[in-house]
Amino acid sequence: GKRAEARRELVSLEPELRDRAEYWEERGRAELSVNPKAAEESFAKAIDLQPKSVAALNGGAQAAVLQGNDEKALAYLVRARQVDPGDVPTALRFAEVCIRRDLGLDARDALEDVRRKDPTNKTALFLLARANVSLQNWQRAAELFGEYVRQAPNYAPAYFALGWIDLQLNKTEEARKQLKRALELDSKLVDARYELAQLEMDRGEEALAEGDFKAVLAQEPGHAKANEAAAKIALQRGDTAAARRYLKTALQTDPDDAAAHYQLATVLARVGEVDRATQERQRATELAERGKRNAHRQLRLLTP
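Next up, the structure:
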């Protein structure tokens, strides 16, 4: 396509322009969506030629993120922030990586600084709300997401976030309203549908919940928690084969899901596989203990 053609053209210019940082930056941008590893190499050459290029440092960070290396991305972004502490795009990218790395305090400090400089920046507002979620500052997160939906009333993930926070605050009816609003705006929000299904289960609306769990799995077959919930319903009906299939999928997605291991132990005990049931129960206990030490509920949410 056009990007591949642009990259070929840039490669052809290398003998003439290889000593110019701007050339390697442009080449890195052209390679970014096609080959992040090659893009990072191009941005690294730009940085060698111009160590204080904020654009090249941000490009290197983007390439590192696309390769799944958030730690390396942070190293690039820390350098970019040292060069230009007031650069807003760098601060936003830094904050987003920090949130994924569970560095909520660093993210919050960077975002509050952006908000002081640019109070109307909606991305900073959204990310600040997320940073407060990672810090388990539920009330502050709710206030910030509430402010966000007033500015962007049709952005479904923000309503999902509000519903999810209400669940942490045990405000189940408010959570139900927010989750339904999120799904009205975007019926494909699987995590919102999963949380709504859990509320339906809690109210004894099993048929409704089962329909929602199946809708989640139709869209995301590997959704660990939805598979786990579907297994629980199957087990209540005595369908151990179906429960086992659901739990196998759940554990393929999340091998450290203590609840899934415990449910699998119950299924195995029912079908007479006593030794394996004991192993699964022990595994569940080990993972549950580890989970208590590292207890931290995560919110899956893309930045708008």
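Read in order, the letters of the sequence shown correspond to residues 11 to 314 in the numbering used here. Just so it is clear, CB atoms sit at the ideal spot from N, CA and C, and this is done for glycine as well.
- At the C-beta level, residue 23 and residue 40 stay beyond 8 angstroms of one another.
- Residue 214 sits exposed, since fewer than 16 C-beta atoms from the chains shown fall within 10 Å of its C-beta.
- Annotation: residue 162 is outside any alpha helix (DSSP H) and is labelled neither H nor E by DSSP.
- Taking the Cα of residue 85 as reference, the smallest distance to any Cα among 59, 98, 54 is reached at 54.
- Of 65, 46, 69, 68, the smallest CA-CA separation from residue 78 is found for 46.
- Only buried fits residue 259, as 16 or more other CB atoms lie within 10 angstroms of its CB.
- Residue state for residue 131 is assigned as coil, using DSSP reduced to three classes.
- Per DSSP, the continuous alpha helix (DSSP H) segment holding residue 70 begins and ends at 64 to 76.
- Between residue 297 and residue 271, the C-beta gap is smaller than 8 angstroms, which places the two residues in contact.
- Within the same chain, Cβ atoms closer than 8 angstroms to the Cβ of residue 165 are found at 158, 159, 195, 314, the five residues on either side in sequence being excluded.
- Burial check for residue 235: the Cβ neighbour count within 10 Å reaches 16 or more, so the residue is buried.
- Contact annotation, residue 254 with residue 275: C-beta distance approximately 11 angstroms; criterion of less than 8 angstroms not satisfied.
- Secondary structure of residue 60 (DSSP, three-state): coil.
- In the three-state DSSP reduction, residue 22 falls in the helix class (H, G or I).
- Going by DSSP, residue 212 is part of the alpha helix (DSSP H) stretching over 200 to 212.
- Residue 206 is positioned such that its CB atom lies closer than 8 angstroms to that of residue 193.
- Of the candidates 64, 112, 50, 101, the residue whose Cα lies closest to the Cα of residue 82 is 50.
- The straight-line gap separating the alpha-carbon atoms of residue 212 and residue 111 is approximately 32 angstroms.
- Take the alpha-carbon of residue 15 and the one of residue 65: they are about 23 angstroms apart.
- Closest in alpha carbon position to residue 58, among 32, 74, 80, is 32.
- A distance below 7 angstroms between beta-carbons, with the five flanking residues on each side excluded, links residue 222 to the following residues of its chain, in chain order: 203, 206, 207, 210.
- Check the Cα spacing between residue 156 and each of 256, 198, 176, 248: the tightest is with 176.
- Rounded to the nearest angstrom, the Cβ distance from residue 256 to residue 241 is 4 angstroms, consistent with a contact under 8 angstroms.
- In this structure, residue 309 sits near residue 171, with a CB-CB distance shorter than 8 angstroms.
- Between residue 230 and the set 243, 247, 198, the nearest pair of CA atoms involves 198.
- The beta carbon of residue 184 sits closer than 6 angstroms to those of 176, all from its chain and outside the five residues before and after it, given in chain order.
- Ranked by Cα distance from residue 128, the options 99, 261, 107 are led by 99.
- Residue environment for residue 103: buried (at least 16 other C-beta atoms within 10 angstroms of its C-beta).
- If you look at residue 314, you'll find it isn't in any alpha helix (DSSP H); DSSP assigns it neither H nor E.
- Secondary structure at residue 271: helix, using DSSP grouped into helix, strand and coil.
- The beta carbons of residue 145 and residue 114 sit about 4 angstroms from each other, so the pair counts as a contact at 8 angstroms.
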